[in-house]
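J.: For the sequence shown, the numbering used here gives the first residue as 16, with consecutive numbering after it. C-beta: ideal position from N, C-alpha, C; glycine also. Predicted model, so just to flag it, every value in this text is computed and none were measured.
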Amino acid sequence: MFSFTKKQKILDISGIHIGGQPGEYPTVLFGGMFFKGEPKLDEGKEQLKKMLMLSRLTGNPAIPDFFIRKESYIEKILDFIESTLPKKHPFSIDITVPSIKIKTLEHLHRRSLLSRTIYNSIHIGVTEEERKALKKYTPAAAIVVAFNPKDK
Numbered sequence: 016m017f018s019f020t021k022k023q024k025i026l027d028i029s030g031i032h033i034g035g036q037p038g039e040y041p042t043v044l045f046g047g048m049f050f051k052g053e054p055k056l057d058e059g060k061e062q063l064k065k066m067l068m069l070s071r072l073t074g075n076p077a078i079p080d081f082f083i084r085k086e087s088y089i090e091k092i093l094d095f096i097e098s099t100l101p102k103k104h105p106f107s108i109d110i111t112v113p114s115i116k117i118k119t120l121e122h123l124h125r126r127s128l129l130s131r132t133i134y135n136s137i138h139i140g141v142t143e144e145e146r147k148a149l150k151k152y153t154p155a156a157a158i159v160v161a162f163n164p165k166d167k
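Now the structure itself:
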């Protein structure tokens, strides 16, 4: 079996382990939610229920990845997370607009949700304001995109 020669790090985010040598922990699955249009919470609730059930059946941890397209969706989606996701279960926030990322971090802090949050993502387009917000409102983990999508 393949293994890395360098010692691998393991993140424990609310009991879900990410990293390590291949096969050391099960592969973690990220399931995208609310990518198109207005968030449909009833459909989202069913989708989340199925995701968590399949996770239990397969032994592969699942982390929902919530896409927040508009500032007006922040409260609605965070209310959904608090009322639907098990209390200590980690989740990812996926946002493309820097100002919405910053506002969401502020809301996550106020709701004491940062310890369960995976920030998706830090990349070449990160703004100075976003860096400052991440320093002030630090999530449990962040995904770093280590390439420039604008390079051809």
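Which residue's Cα is closest to the Cα of residue 82: 104, 94, 111 and 62?
T.: Checking every option, the nearest Cα to that of residue 82 belongs to 111.
J.: DSSP puts residue 135 in a beta bridge; with which residues?
T.: In the DSSP output, where bridge partners are listed per residue, residue 135 has 109 and 158.
J.: Is there contact between the segment 16-25 and the segment 140-151, where contact requires at least three CB pairs shorter than 8 angstroms?
T.: Result no; under three Cβ-Cβ pairs closer than 8 angstroms.
J.: Buried or exposed: residue 162, going by 16 or more other Cβ atoms within 10 Å of its Cβ?
T.: By the 10 Å Cβ count, residue 162 comes out exposed.
J.: Along the beta strand (DSSP E) that carries residue 48, what are the first and last residues, could you check?
T.: Looking at the DSSP string, the run of the beta strand (DSSP E) that includes residue 48 is 44-48.
J.: Measure the alpha-carbon distance for residue 106 versus residue 61 and round it to whole angstroms.
T.: So the alpha carbons of these two residues sit roughly 16 angstroms apart.
J.: Kindly confirm or deny that the segment 22-36 and the segment 47-58 touch, where touching means at least three C-beta pairs closer than 8 angstroms.
T.: No: fewer than three Cβ pairs fall under 8 angstroms.
J.: Would residue 103 and residue 54 qualify as a contact pair, given that the criterion is a beta-carbon distance under 8 angstroms?
T.: No, they are not a contact pair.
J.: Following the continuous beta strand (DSSP E) through residue 78, name the residue where it begins and the one where it ends.
T.: Unbroken beta strand (DSSP E) run through residue 78: 77-82.
J.: Let me make sure I understand the geometry here. Which of 141, 70, 113 and 156 has the alpha-carbon closest to that of residue 129?
T.: With distances taken between Cα atoms, residue 129 lies closest to 156.
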